[in-house]
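**Q**
Protein chains in written order, with the numbering used here: chain D, 1 to 222; chain A, 1 to 222; chain Y, 1 to 222; chain B, 1 to 222.
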């Protein structure tokens, strides 16, 4: 199991996280995790997943999977494939990659059979509650208007974090609640944790930082 | 440039091509290519692309890319990412993964700037001609009713192969024409070549074979 | 408000419900409703919606709306457009037309502002509970394997009906629970009601019947 | 057959074209057409199609159809349904509603069997040539950056119009070439015709005009 609170770094499809740059980000996560004792996971670019997961000993997530079983589905990604690649789970339903509810449900059910962790993203309180009914490993609350803004959700809209935590735990106490959008400093992480979140999901704050390792060190100093 | 005629193995999302099994398939392609002198390329599962391309010295294709530039597109795959992963190009518009025409056009245009090869799949003569106008590196003609059937297109519908070759070359003589669907033996490959194709795209005939290397050797004996 | 229990006839895109045939179905619904006192609503083919809703005085539903506001969205359908067309609401997320969860959420929120009724379809208990958190007017539980089967859900899987009713009412007591899939007789409707459903959603049982009016009369005789 | 040059008014999903407002626009098209002798067609909002087409005697187009045959496809629109609704054809692949190439091909093929006219939209020269290979009734060239801009394509980029006409006619001389994007006056229409276009496709220039009928009269005065 993952240690909480956790920092999950979604490197998206940024130019700054392709190939060797993505590998360097994963290694920075590992070093900072080792130095600080804080659990840090990474979601590499899709085509780099096995390559990075097999050589950097931190938890790796896929950024997305498709609602397929292994079979004749050219170009699609199954849970079985990401597990074999070395991932511990997958992000799902990011606001940049919204999914059909029956697909989310199918993937979460299958993830349980495969011992994979689904971190489902949500954009508001009602969708958060809806996805809580599907019992994913974690829900990452990310108001889309704050993504990439540098304005941390824990400051811009603290109530959405605390209300989400309350609502999710009431539906299923086992679901981990993360918060995302605008997180870039240890202060932001601490604020999120004080509001009840058990970790953060972030992207540009590290990937686009001049010194990603320094940014990670700051984040892990909550 | 790739040497023609070429055999491209699309391993799809089959259980038989995940992880180590996909790596073994790539190594079999390499050995058979070395032994026979026939160019053999592979399209690994998406999350295994960099991992396989970086360790097996044969041409690797992505099975799919999205019509994005590098950026904040969680879970999507750019041409830049597959290039960095070590791919020489990508399959596109497989009948299992049909795409919007403006996306195909955008990706082909960008592939030229990046020196990546697009192998666009088509399902009939009119779509073949339409995509020929977009000038991809290659067009793979695959009547969907024959995919996975074991009935080679070169026997079931030889005219679609010869007519596609004529139509494509008339529009753009530089486009390579492959044929797919139902190919599983060297005889099938030879028949395709006699009809004017410059290679084949296949999947289950090798991936699902009891002895994939033997199947590849047969295919390469055209 | 609609009177419960209600029968909602989804005419889908069947050849038997295009144009004048769809109008005849709507008129049959009206006559049977008048004769029996049972509320019967219809969801006409999309392009016939205004034409039928403006001339037959029964509740009409759209079969689908898109998650758009009025604007430059060629070929898409807004809630505002169906309201003006005379619809009382819309079906949503039918298993033949699955939708993204953020779209379903957005449409339900907007439907409340416009006094339109969303009947959201679900395929199993977990998705039913998830959508209940979004508080639509109604949820229609339709196990996809029974749709068009002639085997009524109320007999094949009575527990999914009763469990759905319990689960939905626990989340939001105001949500109407309908059941669908395989319903074709008054006995099926009665069984559904005894299991706690407040109506049925059906299609082929009437649209494909030799005598749709007779089929409706049987359905309304629960 | 439609008389050329033709003006096709796409009313999109604008608030200004819902219901009675859309009907008034159709009536304005009819009056201006009658007064000027210029063929003017309209593409009403999807749910208003039958209602408007059955009461206003001008050619009506659907704004979109799906690549389905009549059947169990809740919320989707078939060519058969729009024909019965009174449409003469459909717009397709608008930049706001891009489609898969195999769907465009399938719909065009079926439209020929049903004597329906497909007006396929394209965004640049390569896509124009690609779609010309599918032989639709007409191609409407609309550089997306000019849509809704008020800057007529005939002035901003005259070469795309003349080059499109040449390229299309070379592939299939029977295809009608329209131009769109930014058209709002009779001068714009005349410029388009002088560049070889046989009509225009426009939207906001009329729908958002203070006096749509006056705008139509100006357009028809080319």
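For glycine and all other residues, C-beta sits at the position ideal for the given N, C-alpha and C.
Helix or strand or just coil, what does DSSP make of residue 75/A?
**A** Here residue 75/A sits in coil by DSSP.
**Q** Below 8 Å, how does it come out for the segment 1 to 14 of chain D and the segment 184 to 203 of chain D: are there three or more Cβ pairs, yes or no?
**A** Output reads yes: the segment 184 to 203 of chain D touches the segment 1 to 14 of chain D.
**Q** Please list the terminal residues of the continuous beta strand (DSSP E) segment that includes residue 112/A.
**A** First-last for residue 112/A: 101 to 113, but that is the alpha helix (DSSP H), not the beta strand (DSSP E).
**Q** Would DSSP call residue 39/A helix, strand or coil?
**A** Three-state result, residue 39/A: strand.
**Q** Hey, how far is the Cα of residue 101/Y from the Cα of residue 92/D?
**A** Roughly 12 Å between the two C-alpha positions.
**Q** If we count Cβ pairs, one from each stretch, closer than 8 Å, do we get three or more for the segment 42 to 50 of chain D versus the segment 67 to 74 of chain D?
**A** No, because fewer than three Cβ pairs between the segment 42 to 50 of chain D and the segment 67 to 74 of chain D fall closer than 8 Å, the two stretches do not touch.
**Q** Please report the Cβ distance between residue 32/Y and residue 178/Y, rounded to the nearest whole angstrom; I am assuming they are in contact, meaning their Cβ atoms lie under 8 Å.
**A** Not really, about 18 Å apart at Cβ, beyond 8 Å.
**Q** Looking at residue 95/D: is its Cβ nearer than 8 Å to the Cβ of residue 123/D?
**A** A contact, by the Cβ cut-off of 8 Å.
**Q** Could you tell me the boundaries of the alpha helix (DSSP H) in which residue 52/B lies?
**A** Residue 52/B -> alpha helix (DSSP H) spans 49 to 53.
**Q** Please report whether the beta-carbon of residue 107/B lies at a distance below 8 Å from any beta-carbon of chain A.
**A** Residue 107/B does not count as touching chain A.
**Q** Residue 89/Y and residue 117/Y look like a contact to me (Cβ under 8 Å); what is the Cβ gap, rounded to whole Å?
**A** About 3 Å; that satisfies the 8 Å criterion.
**Q** Are any of the Cβ atoms in chain Y nearer than 8 Å to that of residue 159/D?
**A** It does not; no Cβ of chain Y falls within 8 Å.
**Q** Short of 8 Å in beta carbon distance, which residues of its chain neighbour residue 56/D, apart from the five on each side in sequence? Order them along the chain.
**A** Closer than 8 Å at the Cβ level, and outside the excluded window around residue 56/D, lie 23, 26, 27, 29, 30, 42.
**Q** Short check: CB of residue 182/Y to CB of residue 140/Y, under 8 Å?
**A** The answer is no: Cβ separation not under 8 Å.
**Q** With DSSP run on the structure shown, which of helix, strand or coil describes residue 193/Y?
**A** If DSSP states are grouped into helix, strand and coil, residue 193/Y belongs with the helices.
**Q** Can you tell me whether DSSP reads residue 67/Y as helix, strand or coil?
**A** If DSSP states are grouped into helix, strand and coil, residue 67/Y belongs with coil.
**Q** Just the C-alpha distance for residue 11/B and residue 84/Y, rounded to the nearest angstrom, thanks.
**A** Those two C-alpha atoms are separated by around 15 Å.
**Q** Could you check the C-alpha separation between residue 194/Y and residue 69/Y for me, to the nearest Å?
**A** In a straight line, the C-alpha of residue 194/Y is about 40 Å away from that of residue 69/Y.
**Q** Return the chain-ordered list of same chain residues with a C-beta closer than 8 Å to the C-beta of residue 97/D, the five sequence neighbours on each side being excluded.
**A** So the list reads 63, 64, once near-sequence residues are dropped.
**Q** Would you list, in chain order, the members of the segment 20 to 51 of chain B that have their beta-carbon closer than 7 Å to a beta-carbon of chain Y?
**A** Against chain Y - using a Cβ distance shorter than 7 Å - the residues of the segment 20 to 51 of chain B are 45, 46, 47, 48, 49, 50, 51.
**Q** So, with DSSP's three-state summary, where would you put residue 117/Y?
**A** Strand, per DSSP.
**Q** Show which residues of chain B have a CB atom less than 7 Å away from the CB atom of residue 129/A.
**A** Result: 133.
**Q** Please confirm whether residue 191/A and residue 205/A have their CB atoms less than 8 Å apart.
**A** Their beta carbons are not under 8 Å apart, which means residue 191/A does not touch residue 205/A by this criterion.
**Q** Ends of the alpha helix (DSSP H) at residue 163/A?
**A** 158 to 171 is the extent of the alpha helix (DSSP H) around residue 163/A.
**Q** Within the same chain, show all residues whose beta-carbon is closer than 8 Å to that of residue 131/Y, passing over the 5 residues directly before and after it, in chain order.
**A** Cβ within range, chain order: 93, 104, 120, 122, 139.
**Q** Near residue 79/Y, what residues of its chain come up, given a Cβ to Cβ distance below 8 Å and the 5 sequence neighbours on each side ignored?
**A** Cβ neighbours of residue 79/Y beyond the five flanking positions: 65, 90, 107, 110, 111, 114, 116.
**Q** Just to make sure I have the definition right: I need the residues of chain D whose C-beta is within less than 9 Å of the C-beta of residue 141/A. Which are they?
**A** Residues of chain D passing the Cβ test: none, with the nearest at roughly 15 Å.
**Q** Among all the DSSP beta bridges, which residues are the ones paired with residue 13/A?
**A** Residue 13/A pairs with 71/D.
**Q** Return the chain-ordered list of same chain residues with a C-beta closer than 6 Å to the C-beta of residue 14/B, the five sequence neighbours on each side being excluded.
**A** Correct list, in chain order: 207.
**Q** According to DSSP, is residue 140/B helix, strand or coil?
**A** Reduced to three states, the DSSP call for residue 140/B is strand.
**Q** Around the C-beta of residue 142/B, are 16 or more other C-beta atoms found within 10 angstroms, so that it is buried, or is it exposed?
**A** By the 10 Å Cβ count, residue 142/B comes out buried.
**Q** Here's a check: name, in chain order, each residue in its chain whose Cβ is nearer than 7 Å to the Cβ of residue 154/A, leaving out the five neighbours to either side.
**A** Cβ neighbours of residue 154/A beyond the five flanking positions: 161, 179, 188, 191, 192, 195.
**Q** Please classify residue 99/Y as buried or exposed, where buried requires at least 16 neighbouring CB atoms within 10 angstroms.
**A** Buried: at least 16 other Cβ atoms inside 10 Å.
**Q** Determine the DSSP secondary structure at residue 207/D, reduced to helix, strand or coil.
**A** Correct three-state label for residue 207/D: helix.
**Q** For a contact meaning CB atoms closer than 9 Å, what does residue 77/Y contact in chain B?
**A** Per Cβ cutoff of 9 Å: 13, 45, 46, 47, 75.
**Q** If you measure from the beta carbon of residue 111/D to each beta carbon in chain Y, is any gap under 8 Å?
**A** For residue 111/D, the answer is no, since every Cβ of chain Y falls outside 8 Å of its Cβ.
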